[in-house]
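Per the numbering used here, the very first residue in the sequence shown carries number 251; after that it's consecutive. The structure appears right after this line, and notes come after that.
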Amino acid sequence: MTDTSADLVILGGGSGGYACAFRAAELGLSVILVEKDKVGGTCLHRGCIPTKALLHAAEVADNAREGDQFGVKSSLEGIDIHGVNSYKDGVVAGLYKGLQGLFKANKVTVVEGTGRFVGPNSVEVDGTRYTGKNVVLATGSYARSLPGLEIGGRIITSDQALNLDYVPQKVVVLGGGVIGVEFASVWRSFGAEVTIVEALPRLVPAEDEWASKQLERAFRKRGIKFKTGVRFTGATQDGSGVSVSLESGESLEADLLLVAVGRGPNSAGHGFEEAGLNLERGFVLTDERLRTNLPGVYAVGDLVPGLQLAHRGFQQGIFIAEDIAGQNPKVIDEAGIPRVTYCKPEVASVGLTEAQAKEKYGSAETLVYALSGNGKSQILKTSGGVKLVKSPEGPVVGITLVGERVGELIGEAQLIYSWEATPEDVAPLVHAHPTQNESLGEAFLALAGKPLHVHG
Ligand SMILES: Cc1cc2nc3c(=O)[nH]c(=O)nc-3n(C[C@H](O)[C@H](O)[C@H](O)COP(=O)(O)OP(=O)(O)OC[C@H]3O[C@@H](n4cnc5c(N)ncnc54)[C@H](O)[C@@H]3O)c2cc1C
């Protein structure tokens, strides 16, 4: 029989919930985790992993189509979407199997079913009450829509977009944030005509303005259309298509409308309000140690206001387990969490944008190093650059990169930011040639006043 009490009861087995479970188990705590669907949550089944598999298939398609740029005779015969889906599903299935193995190895008890927080320290599933010395709420998020815009048929969210059994010919993407630009990028590589509609003045509006400009330029070159600073007013659909109307009076016809306007907290109907939890716009409020207003009750991941990223959930989950175990972990710096938008080209950043740094410090020094000076980027035929933002006190407080594959470079940028390194600290560190990573080294050389491959 399953135990009904443990040191820790976790509601939700996504990135935040399972990371907390594993770390708690490593620290010798007993853990019960309640999950209504599949452990791994959004990231593994409907988020990070399947989208990146699609983006990789998109890159393969671009390579086939563009072989002649490199003197290779190749052409794109077409997209076998069933083949793409089976490759994507295979990656997810393999990781899911591995994750289930980790649950067993860590001896975490998984209760299958929909849980309800009944406070002060219990979760009820199908009439059984599971009580923990501590409870962690980790129910994640869902794809939001706009008032009056009902999801169904040709109006879809990322959940449906991941499992289409055809390649649309014409798509409108509502929302130019991370999820919107990633799907726009995939569908364009698969041959679709894509238009992004964004109410704010620029694509990826949470990023440094410089990055938005770089991305917009690259998207224009790829034939991805976008309308920024324009509000959506409505959509209608029938058997042949969807018609999307904009505040400007214009209407756009397409096969599909992808609604990518952000994700809301999944906090309704789980007993949170009734138990007396402090909520704001549905998000569970916590202090910097992720403690809610109820003693012994923590919240983690997309449910908590802030960046909705899997690795933030992992780190918060680890933090909570260590806090409960009395290890007094260091508070997580939200600005130090790396952010990557995986479209073509990629946008990767850590720390502050130029505008944020100026607001915080009154002024900021910036430097942009263009990838045109970077050998490996020229070999790959990618453009973009590295932007550094330095505080008047010395350390670099923001790093943003744009270009194909630059997401892989964010690790070093994150260390530089987190260790509060100055340009003089980083400039002497040798970067391998020819790598794209070298562009980061060159940017720091230039900011330290000793530029090497800098034109103009
Ligand atoms: C299309 C897309 C692409 C993304 N790409 C990236 C990316 O590249 N990198 C990145 O870092 N992040 C990405 N994300 C975000 C990432 O998926 C989330 O930040 C992450 O999954 C949040 O983890 P979580 O544990 O808070 O919630 P979730 O992963 O949503 O997990 C919550 C879990 O709780 C369960 N649950 C909910 N209510 C109950 C209940 N009452 N009882 C029992 N179980 C319940 C759910 O079934 C789910 O398994 C992407 C998201 C999307 C949608």
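Built from N, CA and C at the ideal position, the CB exists for glycine as well.
Next item on the list: Consult DSSP for D458 and reduce its assignment to one of helix, strand or coil.
Entry: Locating residue 458 in the sequence shown gives position 208, where the first residue counts as 1. In the structure shown, D458 sits in coil (DSSP, three-state: anything other than H, G, I, E or B).
Notebook entry, point to check: Can you name the start and end residues of the alpha helix (DSSP H) that L304 belongs to?
Noted result: Position 54 of the sequence shown, counted from the first residue, corresponds to residue 304. Counting along the chain, the alpha helix (DSSP H) containing L304 begins and ends at C298 to R315.
Next item on the list: Return yes when the C-beta of E688 is under 6 Å from any heavy atom of ligand 1, and no when it is not.
Entry: Mapped onto the sequence shown, residue 688 falls at position 438. Not a single heavy atom of ligand 1 lies less than 6 Å from the C-beta of E688.
Checklist line | Per-residue DSSP class, three states only, for P673 | finding: Along the sequence shown, one-based indexing puts residue 673 at 423. Three-state DSSP puts P673 in a helix.
Notebook entry, point to check: Where in the segment 388-447 do unbroken runs of the beta strand (DSSP E), each at least 3 residues long, occur, reported from the N-terminal end onward?
Noted result: Runs found: 391-393 and 420-424.
Check: What does K477 pair with, by DSSP beta-bridge criteria?
Finding: Reading the sequence shown from its first residue, position 227 is the one you call residue 477. According to DSSP, which records beta bridges pairwise, K477 is partnered with V447.
Next item on the list: Grab the span of the alpha helix (DSSP H) containing D573 for me, first residue to last.
Entry: Reading the sequence shown from its first residue, position 323 is the one you call residue 573. That run of the alpha helix (DSSP H) goes A560 to I574.
Checklist line | Pair within 7 Å by beta-carbon distance, L553 and T389 | finding: Mapped onto the sequence shown, residue 553 falls at position 303. Mapped onto the sequence shown, residue 389 falls at position 139. Inclusion of L553 and T389 in the CB contact set at 7 Å is warranted, their separation being smaller than that value.
Note to self: Three or more C-beta pairs under 8 Å: does that hold for the segment 266-283 against the segment 573-593?
What the structure shows: Yes, the segment 266-283 touches the segment 573-593.
Item checked: Residue from L665, P588, V646 and R589 with nearest C-alpha to S613 -> In the sequence shown, residue 613 corresponds to position 363, counting from 1. The shortest C-alpha separation from S613 is found at V646.
Notebook entry, point to check: Would you say C593 touches ligand 1, meaning its beta carbon is less than 6 Å from a heavy atom?
Noted result: Your numbering for residue 593 matches position 343 in the sequence shown. Outside the cutoff, so no.
Notebook entry, point to check: Could you give the C-beta distance for E448 and G426, rounded to a whole number, given that I count them as a contact under 8 Å?
Noted result: For the purposes of this step, residue 448 is taken as the residue at position 198 of the sequence shown. For the purposes of this step, residue 426 is taken as the residue at position 176 of the sequence shown. Going by Cβ atoms, the distance from E448 to G426 rounds to 3 Å, so yes, they are a contact pair.
Next item on the list: Would you mind stating whether D708 and T632 have Cβ atoms separated by less than 7 Å?
Entry: Any property of residue 708 remains undetermined from this structure, which presents the chain solely from 251 to 706.
Notebook entry, point to check: Considering only C-alpha positions, which residue in the set T672, A308 and G351 is nearest to V334?
Noted result: As a first step, residue 334 is located in the sequence shown; it is residue number 84 there, counting from the start. Minimum Cα-Cα distance from V334 among the listed residues T672, A308 and G351 corresponds to A308.
Margin query: For a quick check, are the C-beta atoms of L294 and L352 less than 7 Å apart?
Written below: Position 44 of the sequence shown holds residue 294. Position 102 of the sequence shown holds residue 352. Contact flag unset, no.
Margin query: Rounded to whole angstroms, what is the Cα-Cα separation between V417 and V509?
Written below: Numbered from its first residue, the sequence shown carries residue 417 at position 167. Numbered from its first residue, the sequence shown carries residue 509 at position 259. Roughly 17 Å separates the two Cα atoms.
Margin query: Between G317, L305, K347 and K354, which has its C-alpha nearest I331's C-alpha?
Written below: As a position in the sequence shown, residue 331 is number 81, starting the count at 1. It is L305.
Margin query: Please return the same chain residues whose Cβ sits closer than 6 Å to the Cβ of A468, not counting the five positions on each side in sequence.
Written below: The residue you call residue 468 lines up with position 218 of the sequence shown. Within the same chain, A468 has close Cβ partners P595.
Notebook entry, point to check: Is F440 buried or exposed, if buried means 16 or more other CB atoms sit within 10 Å of its CB?
Noted result: Within the sequence shown, residue 440 is the residue found at index 190, counting from 1. If you draw a 10 Å sphere on the C-beta of F440, you find 16 or more other C-beta atoms in it, and that means buried.
Check: Which stretch, first to last residue, makes up the alpha helix (DSSP H) that contains K354?
Finding: Here residue 354 refers to the residue found at position 104 of the sequence shown. Residues I331 to A355.
Checklist line | Cβ shell of K477 (< 6 Å), same chain only, five flanking positions each side left out | finding: Here residue 477 refers to the residue found at position 227 of the sequence shown. Non-local C-beta neighbours of K477 in its own chain, meaning closer than 6 Å and more than five positions away in sequence, comprise V447, ordered along the chain.
Item checked: Neighbourhood of S462 by C-beta distance below 8 Å, restricted to the same chain and skipping five residues each side -> The residue given as residue 462 occupies position 212 in the sequence shown. If we look at S462 and ignore the five residues flanking it on each side, its Cβ neighbours are R452, L453, V454 and P455.
Item checked: Reduced DSSP category for E733 - H, G, I as helix; E, B as strand; rest coil -> The structure shown does not extend to residue 733, since the chain is modelled only from 251 through 706, so no value can be given for it.
Item checked: Best match in T254, F533, G297 and S622 for proximity to Y592 [C-alpha to C-alpha] -> Locating residue 592 in the sequence shown gives position 342, counting from the first residue. For the residues T254, F533, G297 and S622, the minimum Cα distance to Y592 belongs to G297.
Note to self: Helix, strand or coil for D376? Go by DSSP, reduced to three states.
What the structure shows: Taking the sequence shown and counting its residues from 1, one reaches residue 376 at position 126. It is coil, neither helix nor strand.
Notebook entry, point to check: Would DSSP call G634 helix, strand or coil?
Noted result: Here residue 634 refers to the residue found at position 384 of the sequence shown. Coil at G634, not helix or strand.
Notebook entry, point to check: Can you find a heavy atom of ligand 1 that lies under 6 Å from the Cβ of G267?
Noted result: Locating residue 267 in the sequence shown gives position 17, where the first residue counts as 1. Correct: G267 has its Cβ closer than 6 Å to ligand 1.
Checklist line | Cβ-based burial, S627 [other Cβ within 10 Å; buried from 16] | finding: Taking the sequence shown and counting its residues from 1, one reaches residue 627 at position 377. It counts as buried.
Margin query: I'd like to confirm something about T364: is its beta-carbon nearer than 6 Å to some heavy atom of ligand 1, or not?
Written below: In the sequence shown, counting from the first residue as 1, residue 364 sits at position 114. Correct: T364 has its Cβ closer than 6 Å to ligand 1.
Check: Anyone know if the C-beta pair for V385 and V511 falls short of 7 Å?
Finding: Within the sequence shown, residue 385 is the residue found at index 135, counting from 1. Within the sequence shown, residue 511 is the residue found at index 261, counting from 1. In this structure, V511 does not lie closer than 7 Å to V385 by Cβ.
Margin query: Please return the same chain residues whose Cβ sits closer than 7 Å to the Cβ of H703, not counting the five positions on each side in sequence.
Written below: The count along the sequence shown starts at 1 and reaches residue 703 at position 453. Result list for H703: G623 and E692, in chain order.
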